[in-house]
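Numbering (our numbering), first residue to last: 15 to 138.
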């Protein structure tokens with residue numbers, strides 16, 4: 015019994031370390047099909063790993079770095095707003111519009127927004 019518990023805990027711990035690799039275009043498609051609610055996505059509140067194109071650099075309400083990113087299939091349409099983890103803010107401010115970037119982010123709560131909300135992001 016104890017062996018099963020230990021194995022279960024190890025399995026849970028190992029799955030928490032690895033982000034799920036997704037295609038941003040496909041994740042956004044499912045988000046729009048769910049009436050623009052990230053709560054309906056299996057990836058909600060978990061880390062995802064993806065590639066995107068930086069479509070705009072901006073600031074959030076608190077003055078921090080905010081990126082708008084597009085999928086690889088259509089680099090002209092921003093699909094998500096991305097906020098870096100604190101330790102990656104300086105790295106994010108160095109990114110350029112049109113640059114391809116590989117990110118790891120947490121899918122955050124978004125409802126009714128045309129943008130998917132991704133937080134705690136880091137450049138891979």
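Beta carbons are placed, not taken as given, at the ideal position from N, Cα and C, and that holds for glycine.
Next on the checklist: Using the three-state DSSP reduction, which class does residue 54 fall into: helix, strand or coil?
Outcome noted: Looking at residue 54 - three-state DSSP - the assignment turns out to be helix.
Next on the checklist: Let's see if you can read the secondary structure: which residues bound the alpha helix (DSSP H) around residue 89?
Outcome noted: Residue 89 -> no alpha helix (DSSP H), and no H or E assigned at all.
Checklist entry - Going along the chain, which residues of its own chain have a beta-carbon closer than 6 angstroms to the beta-carbon of residue 89, five neighbours each way excluded? => result 67
Next on the checklist: Give the list of continuous beta strand (DSSP E) stretches no shorter than 3 residues that lie fully inside the stretch 94–123.
Outcome noted: Complete beta strand (DSSP E) runs here, min 3: 114–121.
Next on the checklist: Between residue 129 and residue 93, how many whole angstroms is the CB-CB distance? I'm expecting something under 8 angstroms.
Outcome noted: 7 angstroms
Checklist entry - Can you give the Cα-Cα distance for residue 19 and residue 108, rounded to whole angstroms? => result A caution first: residue 19 carries a pLDDT of 45, below 50, which makes its placement in the model unreliable, though a value can still be read off. About 45 angstroms.
Checklist entry - What did DSSP end up calling residue 40 once you bin it into helix, strand or coil? => result Helix at residue 40.
Next on the checklist: DSSP has residue 133 in a bridge; who is on the other side?
Outcome noted: 120
Checklist entry - What is the C-beta distance between residue 137 and residue 103, in whole angstroms, given that I count them as a contact (C-beta under 8 angstroms)? => result The Cβ separation is near 11 angstroms, so there is no contact.
Checklist entry - Are the CB atoms of residue 69 and residue 111 nearer to each other than 8 angstroms? => result yes
Checklist entry - What are the boundary residues of the beta strand (DSSP E) that includes residue 48? => result No beta strand (DSSP E) holds residue 48; DSSP gives it neither H nor E.
Item to check | Terminal residues of the beta strand (DSSP E) in which residue 125 lies | outcome: In the DSSP assignment, residue 125 falls outside any beta strand (DSSP E) and carries neither an H nor an E.
Next on the checklist: Buried or exposed for residue 32, going by 16 or more other Cβ atoms inside 10 Å?
Outcome noted: exposed
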